[in-house]
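Residue numbering for the sequence shown follows my numbering, starting at 229 and increasing by one per position.
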Amino acid sequence: MLRNWIPRLHEMLKSSSRRHARGRTRQRAATRTRRTSGQPAEMLESRALLSAVSGAVFQDLDVNGFRNTDLIQGDEPDVIFIIDASGSTGNPFTGMPVGDLNNDGDADTILDAEIAAFTALNQQLINQGVGDTAQVGIVMLANALGGLRPDAESQVLDVDPLTSGIQLTAAPNADKDSNGVPDIVQTLQSIQRQQRTAYKDALGLAHQLTIDAGFNDPSDVNVIFVSDGIPFPNSQSDFAAELADLNAAADNIRAFGVGGDTDLFYLKQIDPNAQIFNSTDEIVGVFGGISPDLTIFTEPGIDGRTVELLDAGGTVVASTVTASVDLDGSGDINPNSEQGLYSFDLAALGLSETADYTVQVVTPSGFRNTYPVGGIHEVTVNGPTDDRGLLSFGSAINEPPVINVNAISIAEGGTVTLSPSQLAAHDPDNSPDELTFAVSNLSGGQFELTTNPGVAITTFTQQQINDGQVAFVHDGSEAGPTYDLVVSDGDLSSVSSSVAIGTFTTVNDAPIVANPTGDISFNEDDLFEQTIDLTTVFADPDSSLTYHVSDSGFPQNGTFGAFIDGTDLKMIFGVDRAGSGTVTVTANDGEFSISDEFTVTISPVNEAPDAGSVIGVEDIILNEDAADVAVDLTLAVFDPDTIYGSGLFPTYSVSSSNPSLATLSLSDIATNAGPNVNGLLTIDFAPDANGTATITITADDGEFSDSSTFLVTVNAVNDAPIMANPIADVTVSEDATDQVIDLSSVFADIDSSLTFTAVSSDDSVVITSLSGTGLTLSFPANANGTATVTVTANDGSLSVSDTFSVTVSAVNDAPAVANPIGDVTVNEDAADQVIDLSGVFADVDGDSLIWSAVSSDGSVVTTSLSGTDLTLSFPANANGSAT
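As structure tokens, then:
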């Protein structure tokens, strides 16, 4: 049947070389299929008539991206691959090149085609969604020559590259060694050619595998049998028993022959619907679900679809419309095998049969391509006897996408990276990267890609949301965002969906300076007050503000003052004041604050000094000999420039009508405004002077001048006497003569006559007497010692004293007879007489005395001394007189 459908199709379809209108959107994907010649003539029987590129457009009912077949059955399928690896599988095979898949040194062999086909079938299991749940075992149909069953006719292959022991099955997706190749595919690629084609042993092993692997539900067990030859031994009865056992364990057993050496008779003993593949394209196409085979497809073709043929430059060189063809001549159209067919006869169209072409289908609105990706096939034609392949296109009804979720929760000024829980669209026909959202009626923020923050976007895909690449950034306003979304699959669009706000959390926005206050400049006295409405300076979208003002840099003399009055800033500028400073106004919302800073500059204007307005100097009245008087002329003469530094600073001059009364001098003084000027007047009064003087003050600032006077009166006062020449201390010898001191040179009084008094501290040493201005010092006889003499001068009101010492030095006086001893008359032989000499002699100095006694006639009287006693002794019988 397969060999007859393409010529019949050519008879019924009329191709045209018209070029379709441009403007359709077509995606292109590279799925290149190459055809090579060189197969035996019997394998090319149907192809020898062809110069065609042919295929079908089918309805992809379950939108799985390939044309479903009845190869795999069951809700939870388990699959046994039986693959022929006998020696003849090393023969080359026609069709698309697949390379040397088992690395045996021979490329594009029948065994390579079988490996490619089972690899495609393993992928189809994954595509059907059972990649993790299905279990796949592999039976190698050939003499093992060792391995797990030495000398056996067939072999169950170990499908786990890591686990020790024999692992009978593996899931289609399993990749134990993480090399990116499924373990099933890796096992297939390890198969090498062996000997013989023993159906019996292979079917028996498959049955045993269903038992050992625990395949308990026959409705889920699938056996796919592929061989390139006839059984050995050549007898159907040889494998009948094993087949019967396997039929009991597996509801779905399919058998296929590969190449012209296969006998369909034996295959149909296994599978009544068995068929033979004559090219790699056919077996891979059937096992992969992409070829219009006439027996295994379960999804119908679609008539009326436009298919275009494009040359290598992309120009449409022919187009046709898919149609139904009664290929088997039964009079009925099988929708799964005879519907939706197309063909381009290159020779009939006058097109090159050795060129590259692209075949693409034009998909109408409401439908979409499911196979191949992009809706195109690329094919290389190398001659009129090429197998151009059976190039299928999958199509499905395009359901409009639906937005299932469109809701976010966000904080004011926040950013939310969207996830499918916040924004998700459903479309059974399209993958997430084919669903594009379009934004409209947007307020309150913008969408951005996380990989390109700050750049607003208005379109993005569901895949980008799934990958966390789309964020919504709120603009910081007080209201939650609003926007509408429509999602499109490129053909159909959803209804518009408005975002639902789960929660919108406001945050306190810091106040801002909306209109900064500019610097203020003006001349002194041009402006005395200014009010600024602070509601025009500051802004806060969500809070009321309180204000505070401070300043710095202004002279501390009343030049500037500021305060807050409600929402107004009040500024006061002093009269005759100049200077500059910084004003800082701060707005606070209770959490955040911000300040506005500006400068105020008041330029000085020169004011004339006013000496007539003397503030600090009135007429001065004081007593004679008063201390110096200092007058601050910067205060005494009113000049705002001196006080506030707002203009020219004056210089001062002074004069007196009575220079003898006092001396006037000027010196520098620091002004209130800062600089030093010669504005300190010092009045130094002459000693003992009295009288009056008129003082004239003149202030001149170089532009203006003014003068004023004040009177100084010095009252006369009684001057106390003074000690002009203190009396020196006096030292004399005992019994000195009187000394006279002239007190007129000792004391002085500028304005009065003086009287004197003198007092001695010891009159026994010195006696004082006064006569006029003469002071007489008299010294008592034989007196010595020290005394002080105090002399006081008095002018009748005030007095002054001078004290000096008088020292009388002692002089040694001779002792004297105080009580002479009377003459002594005694009789001869009188007793001794003792005379006490202490009362006889005296010494005014109090010196100790030494006595001696001498008798003029020792025969009359003899003397002896003891202490102060004089003893007179009379010799016996002596008489006479002696001294």
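Here a beta-carbon is modelled for each residue, glycine too, at the ideal position from N, C-alpha and C.
Everything numeric in this text was worked out from a predicted model, so none of it was measured.
CA-to-CA distance, residue j to residue i, given in whole angstroms
i: residue 962; j: residue 979; result: 41 angstroms
i: residue 1076; j: residue 1042; result: 11 angstroms
i: residue 294; j: residue 349; result: 12 angstroms
i: residue 976; j: residue 952; result: 6 angstroms
i: residue 325; j: residue 548; result: 28 angstroms
i: residue 754; j: residue 794; result: 26 angstroms
i: residue 937; j: residue 914; result: 20 angstroms
i: residue 430; j: residue 453; result: 9 angstroms
i: residue 494; j: residue 458; result: 7 angstroms
i: residue 802; j: residue 738; result: 35 angstroms
i: residue 699; j: residue 770; result: 25 angstroms
i: residue 483; j: residue 536; result: 35 angstroms
i: residue 847; j: residue 930; result: 28 angstroms
i: residue 638; j: residue 817; result: 23 angstroms
i: residue 845; j: residue 859; result: 7 angstroms
i: residue 1107; j: residue 1097; result: 23 angstroms
i: residue 384; j: residue 568; result: 41 angstroms
i: residue 550; j: residue 356; result: 27 angstroms
i: residue 830; j: residue 798; result: 16 angstroms
i: residue 534; j: residue 574; result: 17 angstroms
i: residue 711; j: residue 732; result: 14 angstroms
i: residue 1112; j: residue 332; result: Residue 1112 falls outside the range modelled here, since the chain spans only 229 to 1111, and no answer is possible.
i: residue 790; j: residue 853; result: 52 angstroms
i: residue 652; j: residue 644; result: 15 angstroms
i: residue 881; j: residue 894; result: 8 angstroms
i: residue 510; j: residue 649; result: 45 angstroms
Chain-order list of residues whose beta-carbon lies under 7 angstroms from that of residue i (same chain, five-residue window excluded)
i: residue 354; result: 400, 401
i: residue 460; result: 424, 425, 426
i: residue 531; result: 550, 551, 552, 567, 568
Other residues of its chain near residue i: CB distance less than 8 angstroms, five sequence neighbours each side excluded
i: residue 981; result: 1023
i: residue 822; result: 738, 739, 740, 741, 766, 814, 815
i: residue 679; result: 697
i: residue 949; result: 975, 976, 977, 980, 982, 1021, 1022, 1023, 1026, 1027, 1028
i: residue 1061; result: 1052, 1054, 1099, 1100
i: residue 1068; result: 1045, 1046, 1047, 1048, 1049
Residue(s) in a DSSP beta bridge with residue i
i: residue 626; result: According to DSSP, which records beta bridges pairwise, residue 626 is partnered with nothing at all.
i: residue 793; result: 796
i: residue 587; result: 537, 605
i: residue 485; result: 455, 504
i: residue 701; result: 643, 674
i: residue 1021; result: 984, 1028
i: residue 322; result: Paired residue(s): none; residue 322 is not in a bridge.
i: residue 919; result: 942
i: residue 1003; result: 969, 998
i: residue 741; result: 766
i: residue 776; result: 814
i: residue 860; result: 908
Distance between beta carbons of residue j and residue i, contact taken as under 8 angstroms
i: residue 878; j: residue 927; result: 4 angstroms
i: residue 624; j: residue 598; result: 5 angstroms
i: residue 933; j: residue 925; result: Not quite, the Cβ-Cβ distance comes to about 11 angstroms (not below 8 angstroms), so this is no contact.
i: residue 851; j: residue 943; result: 5 angstroms
i: residue 528; j: residue 286; result: 7 angstroms
i: residue 525; j: residue 501; result: That belief does not hold up - the Cβ atoms of residue 525 and residue 501 are roughly 12 angstroms apart, past 8 angstroms.
i: residue 779; j: residue 811; result: 5 angstroms
i: residue 673; j: residue 707; result: So it is not a contact: roughly 10 angstroms between Cβ atoms.
i: residue 807; j: residue 827; result: 11 angstroms between Cβ atoms; not a contact.
Same chain, Cβ closer than 6 angstroms to residue i, five either side skipped, listed in chain order
i: residue 884; result: 892, 921, 923
i: residue 655; result: 629, 663, 717
i: residue 1092; result: 1099
i: residue 1083; result: 1089, 1090, 1091, 1110
i: residue 719; result: 593, 626
Contact with chain B by residue i, beta-carbon distance below 7 angstroms
i: residue 943; result: In the structure shown, chain B does not exist; there is a single protein chain.
Should the segment 303-322 be called in touch with the segment 442-458, which here means at least 3 C-beta pairs below 8 angstroms?
-> yes
Within the chosen definition, does the segment 555-574 reach the segment 308-325 through at least 3 CB pairs nearer than 8 angstroms?
-> no
Would you check if the segment 727-741 and the segment 756-764 touch, i.e. whether three or more CB-CB distances between them fall below 8 angstroms?
-> no
Would you call the segment 362-370 and the segment 431-438 touching, i.e. three or more CB-CB distances under 8 angstroms?
-> yes
Touching by the beta-carbon criterion (3+ pairs, under 8 angstroms), the segment 1009-1021 and the segment 987-998 = yes
Is the segment 505-518 touching the segment 337-347, taking contact as three or more C-beta pairs under 8 angstroms?
-> yes
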